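Okay, so the sequence shown: first residue is 1 according to UniProt numbering, each after it adds one.
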Amino acid sequence: MSTDAHAGRMTEVSDKFGITPEDYMLPARHMINLLDPDGTLRPQDKQGTEPGHEYPLPSPARLMEAYSALVTGRRVNDQNSALVRQGRMAVYPSSHGQEACQVAAALCLEEGDWLFPTYRDTVAVLTKGVAPMEVMTSFRGEWHCGYDPKAYNCAPMATPLTTQLLHAVGVAHAAKLRGENTVVVAMCGDGATSEGDFHEALNFAAVFNLPVIFFVQNNKYAISVPFSQQSAAPSLAHKAVGYGMAGERVDGNDLMALMAVMTRAVRLAREGNGPLLVEAHTYRMQAHTNADDDKRYREDAEVAEWKAKDPVIRIQSYLDDAGLLTEQATAEITEKAEAVAKTLRDGMNQDADTDPRELFEHVYSSKTPQMAEQQAMLADELAREEA
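In C-alpha coordinates:
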(Lines of atoms letter the chains of each structure in order from A; the text may use other names.)
(Lines give C-alpha, C1' and ligand atoms only; values in the text may rest on other atoms or scores of the structure.)
Protein backbone atom coordinates (compact mmCIF):
# COMPACT_ATOMS: atom_id res chain seq x y z
CA MET A 1 0.00 0.00 0.00
CA SER A 2 1.39 3.42 -0.96
CA THR A 3 1.89 6.30 1.46
CA ASP A 4 -0.97 8.16 -0.21
CA ALA A 5 -3.22 5.13 0.23
CA HIS A 6 -2.32 4.91 3.94
CA ALA A 7 -3.03 8.61 4.40
CA GLY A 8 -6.34 8.17 2.60
CA ARG A 9 -7.31 5.28 4.86
CA MET A 10 -6.47 7.25 8.00
CA THR A 11 -8.48 10.20 6.72
CA GLU A 12 -11.42 7.93 5.97
CA VAL A 13 -11.32 6.45 9.47
CA SER A 14 -10.91 9.78 11.26
CA ASP A 15 -13.73 11.34 9.21
CA LYS A 16 -16.11 8.88 10.87
CA PHE A 17 -15.40 10.63 14.17
CA GLY A 18 -15.21 14.16 12.80
CA ILE A 19 -11.56 14.61 13.80
CA THR A 20 -8.19 14.82 12.05
CA PRO A 21 -6.09 11.72 11.31
CA GLU A 22 -3.55 12.94 13.85
CA ASP A 23 -6.19 13.23 16.58
CA TYR A 24 -7.45 9.75 15.72
CA MET A 25 -4.01 8.15 15.95
CA LEU A 26 -2.77 10.03 19.00
CA PRO A 27 -4.15 8.91 22.38
CA ALA A 28 -6.62 11.15 24.17
CA ARG A 29 -4.92 13.98 26.02
CA HIS A 30 -5.82 12.41 29.33
CA MET A 31 -5.80 8.75 30.25
CA ILE A 32 -9.19 7.03 30.03
CA ASN A 33 -10.32 6.54 33.64
CA LEU A 34 -13.98 6.01 34.53
CA LEU A 35 -13.75 4.97 38.20
CA ASP A 36 -11.83 6.56 41.04
CA PRO A 37 -9.80 4.22 43.31
CA ASP A 38 -12.68 4.26 45.81
CA GLY A 39 -15.09 2.99 43.16
CA THR A 40 -16.85 6.32 42.55
CA LEU A 41 -17.88 7.02 38.96
CA ARG A 42 -15.93 10.04 37.76
CA PRO A 43 -17.78 13.01 36.23
CA GLN A 44 -17.92 12.72 32.45
CA ASP A 45 -15.58 15.68 31.97
CA LYS A 46 -12.96 13.91 34.16
CA GLN A 47 -13.03 10.54 32.39
CA GLY A 48 -10.45 11.47 29.75
CA THR A 49 -12.85 11.09 26.85
CA GLU A 50 -12.97 13.56 23.98
CA PRO A 51 -14.25 13.63 20.36
CA GLY A 52 -13.12 10.47 18.61
CA HIS A 53 -12.24 8.90 21.96
CA GLU A 54 -15.68 8.36 23.52
CA TYR A 55 -16.31 5.34 25.73
CA PRO A 56 -19.85 4.55 26.86
CA LEU A 57 -20.18 2.66 30.15
CA PRO A 58 -20.40 -1.15 29.90
CA SER A 59 -23.77 -2.66 30.80
CA PRO A 60 -24.37 -3.92 34.37
CA ALA A 61 -24.53 -7.53 33.12
CA ARG A 62 -21.21 -7.10 31.33
CA LEU A 63 -19.60 -5.64 34.44
CA MET A 64 -20.87 -8.45 36.65
CA GLU A 65 -19.46 -11.02 34.23
CA ALA A 66 -16.11 -9.25 34.29
CA TYR A 67 -16.14 -8.88 38.08
CA SER A 68 -16.75 -12.62 38.51
CA ALA A 69 -13.77 -13.39 36.27
CA LEU A 70 -11.71 -10.84 38.21
CA VAL A 71 -12.45 -12.46 41.57
CA THR A 72 -11.56 -15.87 40.14
CA GLY A 73 -8.33 -14.45 38.71
CA ARG A 74 -7.26 -13.00 42.05
CA ARG A 75 -8.05 -16.30 43.80
CA VAL A 76 -6.02 -18.21 41.21
CA ASN A 77 -3.03 -15.91 41.65
CA ASP A 78 -3.08 -16.41 45.42
CA GLN A 79 -3.58 -20.17 45.12
CA ASN A 80 -0.76 -20.56 42.63
CA SER A 81 1.62 -18.57 44.80
CA ALA A 82 0.86 -20.99 47.65
CA LEU A 83 1.42 -24.00 45.38
CA VAL A 84 4.86 -22.66 44.44
CA ARG A 85 5.80 -22.42 48.11
CA GLN A 86 4.63 -26.02 48.57
CA GLY A 87 6.89 -27.18 45.75
CA ARG A 88 3.99 -28.23 43.52
CA MET A 89 4.87 -25.73 40.80
CA ALA A 90 8.30 -24.96 39.42
CA VAL A 91 7.72 -21.23 38.95
CA TYR A 92 4.84 -18.79 38.82
CA PRO A 93 4.81 -15.20 37.48
CA SER A 94 1.99 -13.68 39.50
CA SER A 95 -0.30 -11.08 37.94
CA HIS A 96 -1.70 -9.99 41.31
CA GLY A 97 -2.83 -6.41 40.70
CA GLN A 98 -3.00 -6.77 36.91
CA GLU A 99 -6.01 -9.07 36.73
CA ALA A 100 -8.38 -6.41 35.40
CA CYS A 101 -6.25 -6.01 32.27
CA GLN A 102 -6.32 -9.71 31.61
CA VAL A 103 -10.05 -10.12 32.17
CA ALA A 104 -10.81 -7.28 29.75
CA ALA A 105 -8.42 -8.65 27.12
CA ALA A 106 -10.23 -12.00 27.05
CA LEU A 107 -13.82 -10.85 27.47
CA CYS A 108 -13.63 -8.27 24.68
CA LEU A 109 -13.13 -11.06 22.14
CA GLU A 110 -15.86 -12.97 20.34
CA GLU A 111 -15.99 -16.59 19.25
CA GLY A 112 -13.42 -17.15 16.54
CA ASP A 113 -11.11 -14.35 17.75
CA TRP A 114 -7.59 -15.18 18.94
CA LEU A 115 -5.66 -14.30 22.09
CA PHE A 116 -1.85 -14.28 22.25
CA PRO A 117 -0.78 -14.12 25.91
CA THR A 118 2.54 -13.80 27.72
CA TYR A 119 3.78 -16.04 30.52
CA ARG A 120 2.13 -13.70 33.08
CA ASP A 121 -1.33 -13.81 31.51
CA THR A 122 -2.75 -16.92 33.17
CA VAL A 123 -5.89 -15.03 34.18
CA ALA A 124 -6.53 -14.02 30.56
CA VAL A 125 -6.11 -17.63 29.41
CA LEU A 126 -8.49 -18.85 32.13
CA THR A 127 -11.02 -16.18 31.20
CA LYS A 128 -10.74 -17.28 27.55
CA GLY A 129 -12.15 -20.62 28.69
CA VAL A 130 -9.09 -22.86 29.05
CA ALA A 131 -9.46 -25.42 31.87
CA PRO A 132 -7.52 -24.46 35.05
CA MET A 133 -5.18 -27.47 35.11
CA GLU A 134 -4.49 -27.11 31.39
CA VAL A 135 -3.47 -23.49 31.96
CA MET A 136 -1.03 -24.37 34.72
CA THR A 137 0.58 -27.46 33.18
CA SER A 138 3.62 -25.64 31.79
CA PHE A 139 4.40 -24.02 35.16
CA ARG A 140 4.50 -27.47 36.67
CA GLY A 141 7.53 -28.19 34.54
CA GLU A 142 5.99 -30.43 31.89
CA TRP A 143 7.22 -30.20 28.32
CA HIS A 144 4.04 -28.94 26.61
CA CYS A 145 1.80 -25.92 27.14
CA GLY A 146 -1.05 -28.02 28.51
CA TYR A 147 -3.83 -27.16 26.08
CA ASP A 148 -4.64 -27.27 22.39
CA PRO A 149 -4.40 -23.67 21.12
CA LYS A 150 -6.78 -24.37 18.24
CA ALA A 151 -9.46 -25.67 20.60
CA TYR A 152 -9.59 -22.36 22.46
CA ASN A 153 -8.23 -19.89 19.88
CA CYS A 154 -5.60 -19.10 22.49
CA ALA A 155 -1.88 -19.34 21.74
CA PRO A 156 0.52 -20.88 24.28
CA MET A 157 1.68 -18.49 26.98
CA ALA A 158 4.91 -17.14 25.51
CA THR A 159 8.01 -17.15 27.69
CA PRO A 160 10.36 -15.71 25.00
CA LEU A 161 9.98 -11.95 25.16
CA THR A 162 7.78 -10.43 22.42
CA THR A 163 7.83 -13.33 19.95
CA GLN A 164 4.07 -13.77 20.41
CA LEU A 165 3.40 -10.40 18.76
CA LEU A 166 4.84 -11.64 15.47
CA HIS A 167 2.81 -14.83 15.72
CA ALA A 168 -0.34 -12.79 16.42
CA VAL A 169 0.26 -10.67 13.34
CA GLY A 170 0.74 -13.82 11.28
CA VAL A 171 -2.63 -15.21 12.40
CA ALA A 172 -4.33 -11.89 11.66
CA HIS A 173 -2.73 -11.73 8.22
CA ALA A 174 -3.81 -15.28 7.42
CA ALA A 175 -7.36 -14.55 8.59
CA LYS A 176 -7.54 -11.46 6.40
CA LEU A 177 -6.27 -13.35 3.35
CA ARG A 178 -8.96 -15.98 3.93
CA GLY A 179 -11.67 -13.36 4.30
CA GLU A 180 -12.35 -14.33 7.93
CA ASN A 181 -13.82 -11.82 10.36
CA THR A 182 -11.18 -12.52 13.01
CA VAL A 183 -9.69 -10.07 15.52
CA VAL A 184 -6.49 -10.83 17.42
CA VAL A 185 -5.43 -9.43 20.79
CA ALA A 186 -1.67 -9.60 21.32
CA MET A 187 -0.59 -9.03 24.92
CA CYS A 188 2.78 -7.85 26.14
CA GLY A 189 4.44 -5.88 28.92
CA ASP A 190 6.26 -2.56 28.84
CA GLY A 191 9.62 -4.35 28.66
CA ALA A 192 8.58 -6.01 25.41
CA THR A 193 8.27 -2.63 23.70
CA SER A 194 12.06 -2.32 23.86
CA GLU A 195 12.48 -5.38 21.65
CA GLY A 196 12.91 -5.33 17.88
CA ASP A 197 10.05 -7.80 17.48
CA PHE A 198 7.68 -5.13 18.81
CA HIS A 199 8.65 -2.76 16.00
CA GLU A 200 8.43 -5.44 13.33
CA ALA A 201 5.01 -6.64 14.49
CA LEU A 202 3.47 -3.16 14.65
CA ASN A 203 4.97 -2.06 11.37
CA PHE A 204 3.78 -5.15 9.49
CA ALA A 205 0.30 -4.94 11.03
CA ALA A 206 -0.07 -1.29 10.06
CA VAL A 207 1.26 -1.69 6.52
CA PHE A 208 -1.16 -4.56 5.82
CA ASN A 209 -4.02 -3.00 7.82
CA LEU A 210 -4.49 -6.06 10.01
CA PRO A 211 -7.14 -6.51 12.73
CA VAL A 212 -4.76 -6.71 15.70
CA ILE A 213 -4.93 -4.95 19.08
CA PHE A 214 -1.50 -4.68 20.68
CA PHE A 215 -2.34 -4.60 24.38
CA VAL A 216 0.56 -3.38 26.53
CA GLN A 217 0.30 -3.90 30.28
CA ASN A 218 2.65 -1.21 31.53
CA ASN A 219 3.33 -2.48 35.05
CA LYS A 220 6.26 -0.06 35.49
CA TYR A 221 9.04 -2.65 35.53
CA ALA A 222 10.74 -4.95 33.01
CA ILE A 223 11.78 -7.34 35.79
CA SER A 224 13.96 -4.83 37.69
CA VAL A 225 14.34 -2.12 35.02
CA PRO A 226 11.98 0.80 35.71
CA PHE A 227 9.93 2.21 32.86
CA SER A 228 11.80 5.53 33.06
CA GLN A 229 14.90 3.70 31.76
CA GLN A 230 13.04 2.03 28.90
CA SER A 231 11.44 4.87 26.97
CA ALA A 232 11.56 8.65 26.70
CA ALA A 233 8.22 8.82 24.84
CA PRO A 234 5.30 10.67 26.49
CA SER A 235 3.64 7.26 26.74
CA LEU A 236 3.86 3.93 24.98
CA ALA A 237 0.50 4.66 23.35
CA HIS A 238 2.11 7.65 21.61
CA LYS A 239 4.28 5.21 19.66
CA ALA A 240 1.19 4.24 17.63
CA VAL A 241 1.26 7.33 15.44
CA GLY A 242 4.76 6.44 14.21
CA TYR A 243 3.36 3.26 12.69
CA GLY A 244 0.16 4.76 11.32
CA MET A 245 -2.29 3.29 13.81
CA ALA A 246 -4.47 4.54 16.67
CA GLY A 247 -3.21 4.55 20.25
CA GLU A 248 -4.96 4.91 23.59
CA ARG A 249 -4.05 5.04 27.27
CA VAL A 250 -6.28 3.53 29.93
CA ASP A 251 -6.16 3.07 33.69
CA GLY A 252 -5.21 -0.59 33.94
CA ASN A 253 -6.70 -0.94 37.42
CA ASP A 254 -10.09 0.36 36.30
CA LEU A 255 -12.05 -2.66 35.06
CA MET A 256 -14.88 -0.51 33.72
CA ALA A 257 -12.55 1.65 31.64
CA LEU A 258 -10.65 -1.39 30.37
CA MET A 259 -13.85 -3.10 29.23
CA ALA A 260 -14.95 0.06 27.43
CA VAL A 261 -11.59 0.71 25.72
CA MET A 262 -10.91 -2.88 24.68
CA THR A 263 -14.45 -3.50 23.43
CA ARG A 264 -14.23 -0.40 21.24
CA ALA A 265 -10.76 -1.37 20.00
CA VAL A 266 -12.00 -4.82 18.93
CA ARG A 267 -14.98 -3.27 17.16
CA LEU A 268 -12.79 -0.81 15.27
CA ALA A 269 -10.38 -3.56 14.23
CA ARG A 270 -13.22 -5.81 13.09
CA GLU A 271 -14.69 -3.00 11.00
CA GLY A 272 -11.46 -2.82 9.00
CA ASN A 273 -9.95 0.28 10.60
CA GLY A 274 -6.59 -1.41 11.07
CA PRO A 275 -4.55 -2.27 14.16
CA LEU A 276 -4.59 -0.37 17.44
CA LEU A 277 -2.16 0.05 20.32
CA VAL A 278 -3.67 0.15 23.82
CA GLU A 279 -1.48 0.92 26.83
CA ALA A 280 -2.88 0.00 30.24
CA HIS A 281 -1.22 1.61 33.26
CA THR A 282 -1.12 -0.97 36.02
CA TYR A 283 1.27 -2.41 38.60
CA ARG A 284 2.79 -5.76 39.45
CA MET A 285 2.09 -6.04 43.17
CA GLN A 286 4.28 -9.08 43.74
CA ALA A 287 7.73 -10.11 42.61
CA HIS A 288 8.47 -10.82 38.95
CA THR A 289 8.45 -14.54 39.80
CA ASN A 290 9.11 -16.55 42.95
CA ALA A 291 12.81 -16.42 41.97
CA ASP A 292 12.89 -12.59 42.10
CA ASP A 293 13.62 -10.29 45.04
CA ASP A 294 11.69 -7.13 44.20
CA LYS A 295 12.87 -5.36 47.37
CA ARG A 296 16.22 -4.84 45.65
CA TYR A 297 14.78 -2.43 43.09
CA ARG A 298 11.60 -0.85 44.49
CA GLU A 299 10.45 0.65 47.79
CA ASP A 300 7.67 -0.67 50.04
CA ALA A 301 6.06 2.78 49.92
CA GLU A 302 5.62 2.49 46.17
CA VAL A 303 3.90 -0.88 46.50
CA ALA A 304 1.67 0.47 49.27
CA GLU A 305 0.63 3.37 47.04
CA TRP A 306 -0.60 0.94 44.39
CA LYS A 307 -2.39 -1.27 46.90
CA ALA A 308 -4.81 1.61 47.34
CA LYS A 309 -5.61 1.32 43.61
CA ASP A 310 -6.49 -2.39 43.76
CA PRO A 311 -8.71 -3.23 40.75
CA VAL A 312 -10.78 -5.78 42.68
CA ILE A 313 -11.71 -3.42 45.49
CA ARG A 314 -12.41 -0.58 43.06
CA ILE A 315 -15.00 -2.36 40.92
CA GLN A 316 -16.41 -4.19 43.94
CA SER A 317 -17.15 -0.85 45.61
CA TYR A 318 -18.86 0.47 42.49
CA LEU A 319 -21.03 -2.62 42.03
CA ASP A 320 -21.94 -2.63 45.71
CA ASP A 321 -22.97 1.04 45.67
CA ALA A 322 -24.98 0.41 42.48
CA GLY A 323 -26.93 -2.38 44.20
CA LEU A 324 -25.66 -5.01 41.77
CA LEU A 325 -23.53 -6.98 44.20
CA THR A 326 -26.17 -8.75 46.24
CA GLU A 327 -25.39 -11.33 48.92
CA GLN A 328 -26.48 -14.11 46.59
CA ALA A 329 -24.33 -12.80 43.71
CA THR A 330 -21.34 -12.45 46.03
CA ALA A 331 -21.77 -15.99 47.33
CA GLU A 332 -22.04 -17.43 43.82
CA ILE A 333 -18.97 -15.56 42.59
CA THR A 334 -16.94 -16.63 45.63
CA GLU A 335 -18.06 -20.24 45.27
CA LYS A 336 -17.01 -20.27 41.63
CA ALA A 337 -13.57 -18.86 42.47
CA GLU A 338 -13.06 -21.38 45.27
CA ALA A 339 -14.03 -24.24 42.97
CA VAL A 340 -11.28 -23.22 40.53
CA ALA A 341 -8.76 -22.95 43.38
CA LYS A 342 -9.74 -26.44 44.62
CA THR A 343 -9.31 -27.84 41.12
CA LEU A 344 -5.78 -26.47 41.07
CA ARG A 345 -4.97 -27.79 44.55
CA ASP A 346 -6.30 -31.25 43.80
CA GLY A 347 -4.60 -31.40 40.41
CA MET A 348 -1.24 -30.10 41.52
CA ASN A 349 -1.14 -32.40 44.54
CA GLN A 350 -1.18 -35.43 42.25
CA ASP A 351 2.11 -36.53 40.76
CA ALA A 352 2.16 -36.13 37.00
CA ASP A 353 2.11 -39.31 34.94
CA THR A 354 4.97 -38.63 32.55
CA ASP A 355 6.53 -40.72 29.81
CA PRO A 356 9.99 -39.54 28.64
CA ARG A 357 9.37 -41.16 25.24
CA GLU A 358 6.89 -38.36 24.50
CA LEU A 359 9.84 -36.00 24.12
CA PHE A 360 10.32 -37.24 20.57
CA GLU A 361 6.71 -37.12 19.41
CA HIS A 362 6.11 -33.50 18.41
CA VAL A 363 9.49 -31.99 17.52
CA TYR A 364 9.24 -32.46 13.74
CA SER A 365 6.41 -33.65 11.52
CA SER A 366 8.76 -36.47 10.44
CA LYS A 367 11.49 -37.67 12.80
CA THR A 368 15.07 -37.11 11.69
CA PRO A 369 17.38 -40.14 11.63
CA GLN A 370 19.21 -38.76 14.66
CA MET A 371 15.98 -38.41 16.63
CA ALA A 372 14.87 -41.92 15.70
CA GLU A 373 18.23 -43.23 16.88
CA GLN A 374 17.98 -41.33 20.18
CA GLN A 375 14.41 -42.53 20.71
CA ALA A 376 15.50 -46.13 20.17
CA MET A 377 18.37 -45.71 22.65
CA LEU A 378 15.99 -44.34 25.28
CA ALA A 379 13.45 -47.12 24.67
CA ASP A 380 16.21 -49.72 25.10
CA GLU A 381 17.40 -48.11 28.33
CA LEU A 382 13.88 -47.98 29.76
CA ALA A 383 13.25 -51.59 28.79
CA ARG A 384 16.41 -52.70 30.63
CA GLU A 385 15.35 -50.75 33.74
CA GLU A 386 11.93 -52.42 33.68
CA ALA A 387 13.36 -55.89 33.19
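Just so you know, even glycine gets a beta-carbon here, dropped at the ideal spot from N, CA and C. Predicted model, so just to flag it, every value in this text is computed and none were measured.
{"Query": "C-beta atoms of Leu166 and Ala201 nearer than 7 Å", "Result": "yes"}
{"Query": "Own chain partners of Pro156 with C-beta closer than 7 Å, once the 5 adjacent residues on each side are dropped", "Result": "Cys145, Pro149"}
{"Query": "Counted within 10 angstroms of its Cβ, other Cβ atoms place Asn253 as buried (16 or more) or exposed", "Result": "buried"}
{"Query": "First through last residue of the alpha helix (DSSP H) which encompasses Ile315", "Result": "311-321"}
{"Query": "Distance CB(Val225)-CB(Ala172) smaller than 7 Å", "Result": "no"}
{"Query": "Environment of Ala124 [buried if 16+ CB atoms lie within 10 Å]", "Result": "buried"}
{"Query": "Secondary structure, beta strand (DSSP E): runs of 3+ residues fully inside the region 47-75", "Result": "none"}
{"Query": "Cβ-heavy atom distance, Pro117 to the ligand GTP, below 6 Å", "Result": "This structure simply doesn't include the ligand GTP, nor any ligand for that matter."}
{"Query": "Segment limits, alpha helix (DSSP H) that includes Trp306", "Result": "300-307"}
{"Query": "Expected contact under 8 Å - CB spacing of Glu357 and Leu325 to nearest Å", "Result": "What sits at residue 357 in the sequence shown is Arg, not Glu. Not a contact, Cβ separation roughly 51 Å."}
{"Query": "Beta-carbon proximity check, Ile32 vs Val216, cutoff 7 Å", "Result": "no"}
{"Query": "Environment of Gln44 [buried if 16+ CB atoms lie within 10 Å]", "Result": "exposed"}
{"Query": "Candidates His6, Ala7, Asp190, of which the one nearest Arg120 by Cα", "Result": "Asp190"}
{"Query": "Candidates Leu177, Asn218, His362, Gln370, of which the one nearest Phe208 by Cα", "Result": "Leu177"}
{"Query": "Distance CB(His53)-CB(Ala28) smaller than 7 Å", "Result": "yes"}
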